[in-house]
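Enquirer:
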Amino acid sequence: MDTLLLSLINERNVRETIPFVQIHASNEQLRRELDEWKRKCENLERELVLARDNLVGEEDCVEGSSTQQQHQQQQQPQVSRSESAALRNERKIREQLERLQEQVQQQMEEHQRDTEIIQDLTKERDDLQSLQKAHDKAMSKLQEELNKQHRAIDHLTTKNSDNQQRANLAEQQYSGLKDAIRTLQQENDSLKKENRQLESRLVSEKERLSSEMNILTDMVERLKRQAEMAITLQQQEEKRKSSSWFGLSSSNTNSTTSHTVPTPTIVTNTSAEQNTLHSTPGLSTTNTSNMIPEQPLVAAIVPTEPKKVLSAHYKEASCVRYDDSGSDMLATGGSVDGTVKVWNATNGALRTTLKGGSSNAIISLDIAKHLVVGGGSDKTCRVWNFTTNHLVHHLVGHASKITSVKFFGGEQGVVTAAADRQIKVWDISRQTYRQVSTMHLHATANSIDVGVGVQTIGSGHTDGAIRLWDMRTGQKAAEWEGIHESAITSIQFNPIDGKTVLTNGMDSRLKIVDVRTGKALHVFHHEEFHTSYNWSSSSFSPDGIYVAAGSSSNGKIFIWNAKSGKLARKLEDGHDFGVCGFAWGRGGTSGQQVASVDKMGRLVLWG
Numbered sequence: 000m001d002t003l004l005l006s007l008i009n010e011r012n013v014r015e016t017i018p019f020v021q022i023h024a025s026n027e028q029l030r031r032e033l034d035e036w037k038r039k040c041e042n043l044e045r046e047l048v049l050a051r052d053n054l055v056g057e058e059d060c061v062e063g064s065s066t067q068q069q070h071q072q073q074q075q076p077q078v079s080r081s082e083s084a085a086l087r088n089e090r091k092i093r094e095q096l097e098r099l100q101e102q103v104q105q106q107m108e109e110h111q112r113d114t115e116i117i118q119d120l121t122k123e124r125d126d127l128q129s130l131q132k133a134h135d136k137a138m139s140k141l142q143e144e145l146n147k148q149h150r151a152i153d154h155l156t157t158k159n160s161d162n163q164q165r166a167n168l169a170e171q172q173y174s175g176l177k178d179a180i181r182t183l184q185q186e187n188d189s190l191k192k193e194n195r196q197l198e199s200r201l202v203s204e205k206e207r208l209s210s211e212m213n214i215l216t217d218m219v220e221r222l223k224r225q226a227e228m229a230i231t232l233q234q235q236e237e238k239r240k241s242s243s244w245f246g247l248s249s250s251n252t253n254s255t256t257s258h259t260v261p262t263p264t265i266v267t268n269t270s271a272e273q274n275t276l277h278s279t280p281g282l283s284t285t286n287t288s289n290m291i292p293e294q295p296l297v298a299a300i301v302p303t304e305p306k307k308v309l310s311a312h313y314k315e316a317s318c319v320r321y322d323d324s325g326s327d328m329l330a331t332g333g334s335v336d337g338t339v340k341v342w343n344a345t346n347g348a349l350r351t352t353l354k355g356g357s358s359n360a361i362i363s364l365d366i367a368k369h370l371v372v373g374g375g376s377d378k379t380c381r382v383w384n385f386t387t388n389h390l391v392h393h394l395v396g397h398a399s400k401i402t403s404v405k406f407f408g409g410e411q412g413v414v415t416a417a418a419d420r421q422i423k424v425w426d427i428s429r430q431t432y433r434q435v436s437t438m439h440l441h442a443t444a445n446s447i448d449v450g451v452g453v454q455t456i457g458s459g460h461t462d463g464a465i466r467l468w469d470m471r472t473g474q475k476a477a478e479w480e481g482i483h484e485s486a487i488t489s490i491q492f493n494p495i496d497g498k499t500v501l502t503n504g505m506d507s508r509l510k511i512v513d514v515r516t517g518k519a520l521h522v523f524h525h526e527e528f529h530t531s532y533n534w535s536s537s538s539f540s541p542d543g544i545y546v547a548a549g550s551s552s553n554g555k556i557f558i559w560n561a562k563s564g565k566l567a568r569k570l571e572d573g574h575d576f577g578v579c580g581f582a583w584g585r586g587g588t589s590g591q592q593v594a595s596v597d598k599m600g601r602l603v604l605w606g
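Here numbering that gives the first Met the number 0 is used: the first residue of the sequence shown is 0, the next is one more, and so on.
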């Protein structure tokens, strides 16, 4: 601190002393010259006085007595010479005096100018001194502030030291936690490895048991068929009508039969001309609609507002489906919480919650009578009886996540599609399920549906194509490429005649496509409608008059007239987030038909 003050004082001395040294020296020189000129002036004045005195004495001598006149006349040449010398001397002195006076005047003027300069410099010095005082005052304040900052720095240094100690302690604790986490991760990896081994063993054992059970079942079926050969053809026909759908397809299993089975067919319920467009080698288009009782036509109820708004799932709900049998039940699936929930559509009451595993995200589901089927990310498909909450079947066979599931034949069969580019048909009519057929795909099917006549499967793919499959043989019956510019996320047969399908695509368009020609009959689009999820669904109304879907971006529901292609209604008040799943059912006793679920797990029942 003392060193700082000394340096500040020396700096001030330098600023105040050096600028005035030359001024003081010049002033002193001017004073010495002025004194010298004053002495010269005094000497000249004395000489002038002496010269005047001499001149006066000479005039007195001229004015003397007449007696001396003659003498003067005699000496006139000498006097004249003396007078001339005196006049010349006086003239010289006067000239010299004038020059001295001029020099004195010049010196006085210079002295006046120097005095003014000195006054200006003095004033400037006073100003500088005032400024110096202000600087000193500011310096004092700055010094006080500096001292204050030094104290603050000392305080912060102390505080920083404490924080450093705490940070060191926290770092030590963090290192300990990292070691603990590393140990837990190693233990977790070990447990995961053991779990995978157990799962592999369980699946292998289950497949082995399933294979053995299938063999035993085939043996029993073969024995039954041999025993029934003695019965008349009419009795066999009546039994086939009352038996399960899979009773007609035993030739597609690994078992052998002792009687002839009809050739597999694709059912389209079309005229002979339409069947010609559908024809495929080895396949016929026989109408087998008598296999499933035809449901009565249900008029569509176009919703106008939310009837019930429910929190269905934690975060995202991926899908929603109505029971097509006409009950009041609907099911929702959660892609985050991995649960399937069954609801009463009349009052919005939760009927039951079915869990598919903590790591299984439900992507697709279907509901029929007393059963619910759900497929998800664990590569398997689960079938529950929601009246008893029991897991009836756990379908294992896909190598990747399940993308779509669909009941057919009532509760007798299930069709599944997966990201392993396969579609599988499952018989669940018995206590032990059976894989009936497998279709191999060129692109993943995001959505599947079963035609009105049961035997035809429609699939919408990531390459924007629609493909039709014969369920009995597993052969491709038709393929229509380029239906959408990007992936198809949903496909549904027209519930009235099955001649058209409704598709939803990632190009944010709905299309009604003729399955006989592959041509898009109508394209539905709106600037506020967007499709962003691979599982975004769309639906016909139960009478086929309307088509509808929910927007993935803003939560709005769009309903178009399927005949005119015009927007019939836009519902905006139900969802705050993007819609993931949409369904339009037949409606139960209450007539409630439309439901949707969104990104945050909200279920809206529209009325």
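Note that beta-carbon positions come from the ideal geometry of N, C-alpha and C, so glycine has one too.
Is I490 near S446, with beta carbons less than 8 Å apart?
Expert: On the sequence shown, residue 490 is found 491 positions in, with the first residue counted as 1. On the sequence shown, residue 446 is found 447 positions in, with the first residue counted as 1. Cβ atoms of I490 and S446: closer than 8 Å.
Enquirer: Please report the straight-line C-alpha distance between A84 and K91, rounded to a whole angstrom.
Expert: Counting from 1 along the sequence shown, the entry for residue 84 is found at position 85. Counting from 1 along the sequence shown, the entry for residue 91 is found at position 92. If I take the Cα positions, the gap works out to 10 Å.
Enquirer: So, using beta-carbon positions, are W605 and S540 closer together than 8 Å?
Expert: Residue 605 sits at position 606 when you count from the first residue of the sequence shown. Residue 540 sits at position 541 when you count from the first residue of the sequence shown. Cβ distance not < 8 Å, so W605 and S540 don't count as in contact.
Enquirer: Using the beta-carbon count (16 or more within 10 Å), is A344 buried or exposed?
Expert: Taking the first residue of the sequence shown as 1, we reach residue 344 at position 345. A344 comes out buried.
Enquirer: Return the CA-CA distance between A166 and Q172, expressed in angstroms with no decimal places.
Expert: Within the sequence shown, residue 166 is the residue found at index 167, counting from 1. Within the sequence shown, residue 172 is the residue found at index 173, counting from 1. Rounded to the nearest angstrom, the two C-alpha atoms are 10 Å apart.
Enquirer: Could you check whether Y532 and S550 sit closer than 8 Å to each other, using their CB atoms as the reference points?
Expert: In the sequence shown, the residue the question calls residue 550 occupies position 551. In the sequence shown, the residue the question calls residue 532 occupies position 533. Not in contact: S550 and Y532 (Cβ atoms no closer than 8 Å).
Enquirer: Which residues in the same chain have their Cβ closer than 7 Å to the Cβ of S248, if we skip the five residues on either side of it in sequence?
Expert: Taking the first residue of the sequence shown as 1, we reach residue 248 at position 249. Low per-residue confidence applies at S248: pLDDT is 42, beneath 50, and the placement is therefore not dependable enough to give any value.
Enquirer: Mind reading off the beta-carbon distance from V514 to T499? Whole number of angstroms is fine, and I expect it under 8 Å.
Expert: As a position in the sequence shown, residue 514 is number 515, starting the count at 1. As a position in the sequence shown, residue 499 is number 500, starting the count at 1. Confirmed, about 6 Å.
Enquirer: For the beta strand (DSSP E) containing E527, list its first residue and its last residue.
Expert: Translated into positions along the sequence shown, residue 527 becomes position 528. Premise fails: E527 is in no beta strand (DSSP E) and is neither H nor E.
Enquirer: Are K340 and A330 close, meaning C-beta to C-beta below 8 Å?
Expert: As a position in the sequence shown, residue 340 is number 341, starting the count at 1. As a position in the sequence shown, residue 330 is number 331, starting the count at 1. Yes, these two residues count as a Cβ contact at 8 Å.
Enquirer: So the candidates are K565, L183, E571, I456; which of them puts its Cα closest to the Cα of V546?
Expert: Along the sequence shown, read from residue 1 onward, the residue named residue 546 stands at position 547. Checked all of K565, L183, E571, I456; the closest Cα to V546 is K565.
Enquirer: Which value, in whole angstroms, describes the spacing of the CA atoms of L155 and V20?
Expert: On the sequence shown, position 156 is the one that residue 155 refers to. On the sequence shown, position 21 is the one that residue 20 refers to. For L155 and V20, the distance between alpha carbons rounds to 48 Å.
Enquirer: Just curious, the beta strand (DSSP E) that R601 is in, first and last residue?
Expert: Taking the first residue of the sequence shown as 1, we reach residue 601 at position 602. Run containing R601: 601 to 605, per the beta strand (DSSP E) assignment.
Enquirer: One question on the structure: do I427 and H389 come within less than 8 Å of each other, judged by their Cβ atoms?
Expert: The sequence position of residue 427 within the sequence shown is 428, counting from 1. The sequence position of residue 389 within the sequence shown is 390, counting from 1. For I427 and H389, no; Cβs fall outside 8 Å.
Enquirer: Can you list, in chain order, the residues of its chain whose CB lies under 6 Å from that of T275, leaving out five sequence neighbours each side?
Expert: Taking the sequence shown and counting its residues from 1, one reaches residue 275 at position 276. Note on T275: pLDDT 32, under 50, position unreliable in the model; no value is reported.
Enquirer: So who's on the other strand from A456, going by DSSP bridges?
Expert: The count along the sequence shown starts at 1 and reaches residue 456 at position 457. The question names Ala, but residue 456 is Ile in the sequence shown. I456 pairs with V449, W468.
Enquirer: Please state whether the Cβ-Cβ distance between A477 and G463 is less than 8 Å.
Expert: Position 478 of the sequence shown holds residue 477. Position 464 of the sequence shown holds residue 463. No, the pair does not count as a contact, with Cβ atoms beyond the cut-off.
Enquirer: Among all the DSSP beta bridges, which residues are the ones paired with C380?
Expert: Indexing the sequence shown from 1 puts residue 380 at position 381. G374, L394.
Enquirer: What does the alpha-carbon distance come out to for the pair E206 and Q411?
Expert: Your numbering for residue 206 matches position 207 in the sequence shown. Your numbering for residue 411 matches position 412 in the sequence shown. In a straight line, the C-alpha of E206 is about 21 Å away from that of Q411.
Enquirer: Distance, Cα to Cα, P280 vs K475?
Expert: Position 281 of the sequence shown, counting from 1, holds the residue named residue 280. Position 476 of the sequence shown, counting from 1, holds the residue named residue 475. Low confidence applies to P280: its pLDDT is 34, below 50, so where it sits in the model is not reliable, and the reading given next is rough at best. About 11 Å.
Enquirer: Run through the stretch 475 to 560 for me and flag every whole beta strand (DSSP E) of 3 or more residues, listed as ranges in chain order.
Expert: If we require 3 residues or more, the beta strand (DSSP E) runs fully inside the stretch 475 to 560 come out as 475 to 479, 487 to 492, 499 to 504, 508 to 513, 519 to 523, 537 to 539, 545 to 549, 556 to 560.
Enquirer: Check whether the stretch 356 to 375 and the stretch 311 to 326 touch, using three or more Cβ-Cβ pairs below 8 Å as the test.
Expert: Contact holds: three or more Cβ-Cβ distances are below 8 Å.
Enquirer: Where does R51 fall in DSSP's three states?
Expert: Here residue 51 refers to the residue found at position 52 of the sequence shown. Three-state result, R51: helix.
Enquirer: Given a cut-off of 8 Å, decide if G543 and N612 are closer than it, judged by their beta-carbon atoms.
Expert: Outside the displayed span of the chain (0 to 606) sits residue 612, for which this structure offers no information.
Enquirer: Quick check on the DSSP output: the beta strand (DSSP E) that includes N343 runs from which residue to which?
Expert: Translated into positions along the sequence shown, residue 343 becomes position 344. Its beta strand (DSSP E) spans residues 338 to 343.
Enquirer: With a cut-off of 8 Å on the beta carbons, I'd call I366 and I401 a contact; round off their distance for me.
Expert: Your numbering for residue 366 matches position 367 in the sequence shown. Your numbering for residue 401 matches position 402 in the sequence shown. Between I401 and I366 the Cβ distance is about 16 Å, and since that is not below 8 Å, they are no contact.
Enquirer: Tell me which same chain residues have a C-beta within less than 6 Å of the C-beta of A298, skipping the five on either side of it?
Expert: Taking the first residue of the sequence shown as position 1, residue 298 is located at position 299. So the list reads D542, once near-sequence residues are dropped.
Enquirer: Does V319 come out as helix, strand or coil in the three-state DSSP assignment?
Expert: Residue numbering aside, residue 319 sits at position 320 when the sequence shown is read from its first letter. In the structure shown, V319 sits in a strand (DSSP, three-state: E or B).
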